[in-house]
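J.: The following block contains the structure, expressed as structure tokens.
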């Protein structure tokens, strides 16, 4: 499972960060999934290894502009790239009206099948590699988290055990995988006796804006990866003249600790935190670490995280650049 962060800023873009968008890929799959689509997401895609032609579905957490204003441009570019594969958008009530109005006013024709599904709380969607459940969270407007559960793998043969009885890899392996009893050297082989224990699928939550991370409750328990907004440090939040429903790094660290989250990725960082300012991203990281002792990352644009078993690995994708202009 791989997560590519295309945008990690809150509210507005900065010189260092674009707006919310995360790509999700699965092992041995030729498609990918987009979670939120802030303004200029299509531009960020051009810097990444993700292809718009292989985009399968888009999931929108809530209808604040920094999470979905990138949709019209991305959908239009998909047509211009002649990537005419059908696409499905999952979003809250109102997403269909927004998209239909946008393309009606602009008199644009997409040229491919676009399905728009307005989800309900606790609704579950099943895909070939995983399921997604919609979990309500706390924000100034309707917002959700997506609980992603990879399917368990249950058709792995115990090849070592088969070799012990003299059965080397052959078409018989396929028969056993399909649950069929086979005969080998005059003996009947029950497929159940030669299957490994099922491998539990990985569990990930990608949350929209949410003031109370602990509201996700038991879904957080021993979670493989939590991707959650972390807009402010506590001191900054406490001094805001107008309190906005967002998570602080203190709250996020405490919730991740309470439920033993294995890996935590903080994103949706307020523009006030930047390299050369009074407030830095390190302040967010340090405050989370005051309580949380698991594996922690504060995501940057173009960061890529790969989850294998219980271990998460990280690398930063250097943005693609155009070759220098030739002198004339």
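Residue numbers (the working numbering): 1 to 328. Using N, Cα and C, we set each Cβ at its ideal position, and we do this for glycine too. From a predicted model like this one, the values you see are computed outputs, not experimental measurements.
If you count every other CB in all the chains shown that lies within 10 Å of the CB of residue 15, and 16 or more means buried, which is it?
T.: Classification of residue 15: exposed, given that the 10 Å Cβ count is below 16.
J.: Kindly indicate the opening and closing residues of the beta strand (DSSP E) around residue 23.
T.: 21-25 is the span of the beta strand (DSSP E), which, as asked, contains residue 23.
J.: So who's on the other strand from residue 136, going by DSSP bridges?
T.: Beta-bridge pairing links residue 136 to 144.
J.: From this set, 232, 138, 197, 161, which residue's C-alpha is nearest residue 216's C-alpha?
T.: The shortest C-alpha separation from residue 216 is found at 138.
J.: DSSP beta-bridge partners for residue 303?
T.: In DSSP, residue 303 forms a bridge with 316.
J.: Going by other Cβ atoms of all chains shown within 10 Å of its Cβ, with 16 needed for buried, is residue 327 buried or exposed?
T.: At residue 327 the pLDDT is 47, less than 50, meaning the model places this residue with poor confidence; the figure from the coordinates comes in the next sentence. Answer is exposed; the Cβ neighbour count stays below 16.
J.: Would you say residue 253 and residue 314 are within 7 Å of each other, going by their C-beta atoms?
T.: No.
J.: Quick one: give me the first and last residue of the beta strand (DSSP E) that residue 266 is part of.
T.: Counting along the chain, the beta strand (DSSP E) containing residue 266 begins and ends at 263-267.
J.: Please report the Cβ distance between residue 20 and residue 66, rounded to the nearest whole angstrom; I am assuming they are in contact, meaning their Cβ atoms lie under 8 Å.
T.: With 8 Å as the limit, residue 20 and residue 66 qualify as a contact, their Cβ atoms being about 6 Å apart.
J.: Indicate whether the contact test is met: 3 or more Cβ pairs, each with one atom in the stretch 55-63 and one in the stretch 26-33, closer than 8 Å.
T.: Yes, the stretch 55-63 touches the stretch 26-33.
J.: Buried or exposed: where does residue 38 fall if 16 or more other Cβ atoms within 10 Å of its Cβ makes it buried?
T.: It counts as buried.
J.: Is residue 212 near the ligand SAM - that is, is its Cβ less than 6 Å away from at least one heavy atom of it?
T.: Looking at this structure, you won't find the ligand SAM or any other ligand, since it has none at all.
J.: Bridge partners for residue 150 per DSSP, in chain order?
T.: Answer is 130.
J.: Could you tell me the alpha carbon to alpha carbon distance between residue 246 and residue 231, rounded to whole angstroms?
T.: If you take the alpha carbons of residue 246 and residue 231, they lie about 6 Å apart.
J.: Nearest-angstrom Cα distance between residue 161 and residue 191?
T.: Roughly 12 Å separates the two Cα atoms.
J.: Identify which residue in 73, 64, 62 has its Cα closest to the Cα of residue 45.
T.: Of the listed residues, the one whose Cα sits closest to residue 45 is 73.
J.: Could you tell me the distance, in whole angstroms, from the CA atom of residue 88 to the CA atom of residue 164?
T.: Cα to Cα, residue 88 sits roughly 48 Å from residue 164.
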